[in-house]
DNA sequence: GATGAATGAGCGTTCATTCAT
DNA sequence: TATGAATGAACGCTCATTCAT
């Protein structure tokens, strides 16, 4: 053998799945390899080391949100429509995302161990909250917009944790519904 | 000769600190030992294995909440006072708890790997939410009490994550403040 | 199992043998372990890492020379006797030392890769030459003593290399004989 | 497409440099590749395997000495001139050769691991000594010629080791000077 | 109860080598 | 000829665990 042409993205997607469901440290290079049909050593053809996979995994999800979720605040639609859309897209994502929110999950596990990881995660949540803030601020004053956006991000992260424990999706969905009622 | 008499509780407290700040899998028996002034092998005189430490760590915190936080719902004081007290005690705990909420942190890392861990964590959150629910239900209808309690637990977990990333405690405190306004 | 009580010195002696005959980099922790009847992981109970074994191996030989060879210059015997004794002891050592001179062998392999190794090796040769120098200087002028001692150390190192290639011990012994004729 | 046309000799020259300064086992195919602007796999178009590179590296230096140094003994000049020339050429070579003498360096590292390597190295020193021997034998008796040539080769190898440790070139040069005084 | 020495398995990583392109 | 992707074995090292002392 020795033919396969595994792409970086394939590896990244498998790694993301594993990091979310098993945690970063509990996921071995062998695990990632196996999920891609490779032996662990072969991964080093695509990534310098495990840390790089972790970093690129975080960036991959961050970019996905940037391009699909956070961007909604700038679309040329009404405030209500923006809120409707951002909540729908977000819920769509997390309902089918096995294992919850990568950046939320890794936040507690790795951010004290690796400052580069921490920076990406912190910024991700900041950008996320800011997206909601800007939409709310179209109709609500600064303080309200600020608190509601913070509350939403927090509650959603908590709700994802709960959903992973109980498989109760309808409770999870209440968080988004509540946000939409703010304007 | 002489020496230490290290108690199970001492070890547990060090393990809890480590699990919260480094994660469960990234904390080694040697780490726990060093934190207690023991070598790793000595820990096995107190605990069967690492899993047992994890389990007892979760139970330890669970019991702490049971005895100090959840119990407030049954005290002989007004609803407002209960809410005031439960929020204050909770915030007090998390503001000085380095590394956030043990059960919240471990939820994503271990609950898919170990069903016993998952059961404890799930129950903990259920009991917690139920405590809040019962207090709110003294003044609010079932649905409202249910949602507000759920929202609070979720938002608080999210807020702990954010506080660990940004060290912003005043935002964290808003979550409890908001709950108290419910009645 | 799990009983053995291997001492640091045992491990060191096996490592020295291996480093001399196989080279430092080509000797694996597994090699060292096998030579001691241990698995490779067990060696870390005695040494922090491979570098520490290398370092202590060099120091071990250095100390042996310090205590048995270099010290002869200070003994209360005649110059001729000193020279006789230092040559005899040196030749005794190298004739039975399988694989040549540890510090000479590692000089070219590791001294560019690790400055701590280099320092020890450099000092060893300096001390060695100085021992010979001081003995010769009792009867010869500075310049002669200096050159003859340098020439002896160099020739001896070269002769050890040749002896390892050809097993010709009598040529090797000529180098010491020649030195003794200097006074 | 297009590209390089890397020659065997180019690769060999880089490999020699690396073997001398890092050792044979500590030099990886990737190291050699990088030094040539190739990836490691590409080297296999030029050499069967690492051992072949090692072997040809030794032969390359051996041939250089054969053609430039050892041959001097057969030139049509006086004994004194031969000695002068062979020492000058040798010193020229080693003063600019970063990392010392390839065959001397590898002698201890590889000659016990690979008999083909050992044969080449042993023969190289034999031929070298013989060159000096024949020149000296024009003026000196067999025994003297034999010992002085042996002593010179040995001392020179030792002096190269010392020069690599201390960067002291003037001591090194004394060895050749001394040889020239023999006739 | 604590230690130090040991183990076997596994870690992340690098090795020399192969081969379709 | 060169490359990039792959492999299996080995690397140095750490893991959780055991046990005689």
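Residue numbers (UniProt numbering), protein chains in the order written: chain W, 1 to 183; chain Y, 1 to 183; chain X, 1 to 183; chain F, 1 to 183. Backbone N, C-alpha and C fix where the C-beta goes; we use that ideal spot for every residue, glycine too.
- In this structure, the beta-carbon distance from residue 16 of chain F to residue 102 of chain F falls below 8 Å.
- Put simply, the CB of residue 150 of chain Y is near chain W, with a gap under 8 Å to one of its CB atoms.
- The contact set of residue 9 of chain Y on chain W, defined by CB atoms closer than 7 Å, is empty, because the minimum CB distance reaches about 24 Å.
- Cβ-Cβ separation between residue 86 of chain Y and residue 135 of chain Y: approximately 7 Å, consistent with a contact (criterion under 8 Å).
- Residue 164 of chain Y counts as buried, since no fewer than 16 other beta carbons sit within 10 angstroms of its beta carbon.
- Our two residues, residue 35 of chain W and residue 43 of chain W, have alpha carbons roughly 11 Å apart in a direct line.
- Judged by beta-carbon spacing, residue 18 of chain X lies beyond the 8 Å limit of residue 121 of chain X, meaning their Cβ atoms are not closer than that value.
- Using beta-carbon distances, residue 155 of chain F counts as an interface residue toward chain X, with a partner under 8 Å.
- The alpha carbon of residue 126 of chain F has as its nearest neighbour, out of F:113, F:25, F:141, F:104, the alpha carbon of F:104.
- Against chain W, a Cβ distance below 9 Å from residue 134 of chain Y picks out nothing, because the smallest value is about 18 Å.
- Residue 14 of chain Y is positioned such that its CB atom lies no closer than 8 Å to that of residue 39 of chain Y.
- Interface flag for residue 165 of chain F against chain X is set, since a Cβ pair is found closer than 8 Å.
- In terms of beta-carbon proximity, residue 51 of chain X stays away from the interface with chain F, with every pair separated by 8 Å or more.
- In this structure, DSSP gives residue 41 of chain W a helical state, which the three-state scheme calls helix.
- With a cut-off of 8 Å on Cβ pairs, the segment 50-67 of chain Y is in contact with the segment 107-121 of chain Y, counting three or more such pairs.
- Within the segment 18-93 of chain X, there are no complete beta strand (DSSP E) runs of at least 3 residues.
- Across the segment 102-113 of chain Y, CB contacts with chain W closer than 7 Å involve 104, 105, 107, 108, 109, 111, 112, 113, in sequence order along the chain.
- Interface with chain X (8 Å Cβ-Cβ cutoff): residue 118 of chain F is included.
- For residue 29 of chain F, the closest C-alpha among the options F:22, F:67, F:21, F:41 is that of F:41.
- DSSP places residue 6 of chain F in the coil class of the three-state scheme, outside both helix and strand.
- At the C-beta level, residue 151 of chain F and residue 155 of chain X come within 8 Å of one another.
- Between residue 122 of chain F and chain X, the shortest Cβ-Cβ separation is below 8 Å.
- One thing to note: residue 50 of chain W has its Cβ no nearer than 8 Å to the Cβ of residue 99 of chain W.
- Within the segment 86-174 of chain F, the complete alpha helix (DSSP H) segments of 4 residues or longer fall at 102-110, 115-137, 142-166, listed in chain order.
- Not a single CB atom of chain Y sits nearer than 8 Å to the CB of residue 137 of chain W.
- A Cβ-Cβ separation of about 5 Å places residue 83 of chain X in contact with residue 180 of chain X under the 8 Å criterion.
- Counting every other CB atom within 10 Å of its CB across the protein chains shown gives residue 71 of chain Y a total below 16, marking it as exposed.
- Across the structure, residue 69 of chain W and residue 131 of chain W are spaced so that their CA atoms are roughly 8 Å apart.
- For residue 175 of chain F, the nearest beta carbon of chain X is closer than 8 Å to its own beta carbon.
- Rounded to whole angstroms, the separation of the alpha carbons of residue 65 of chain X and residue 12 of chain X is 16 Å.
- Residue 95 of chain F is a Cβ neighbour of residue 169 of chain F, given a cutoff of 8 Å.
- Neighbourhood of residue 162 of chain W in chain Y, by CB distance below 7 Å: 125, 154, in chain order.
- Within the UniProt domain "HTH tetR-type" (5-65) of chain F, 21, 22, 23, 25, 26 place their CB atoms closer than 7 Å to a CB of chain X, listed in sequence order.
- In this model, residue 22 of chain Y and residue 62 of chain Y are separated by some 20 Å (Cα to Cα).
- By the neighbour-count criterion, in which 16 or more other beta carbons inside 10 Å mark a residue as buried, residue 37 of chain Y falls on the exposed side.
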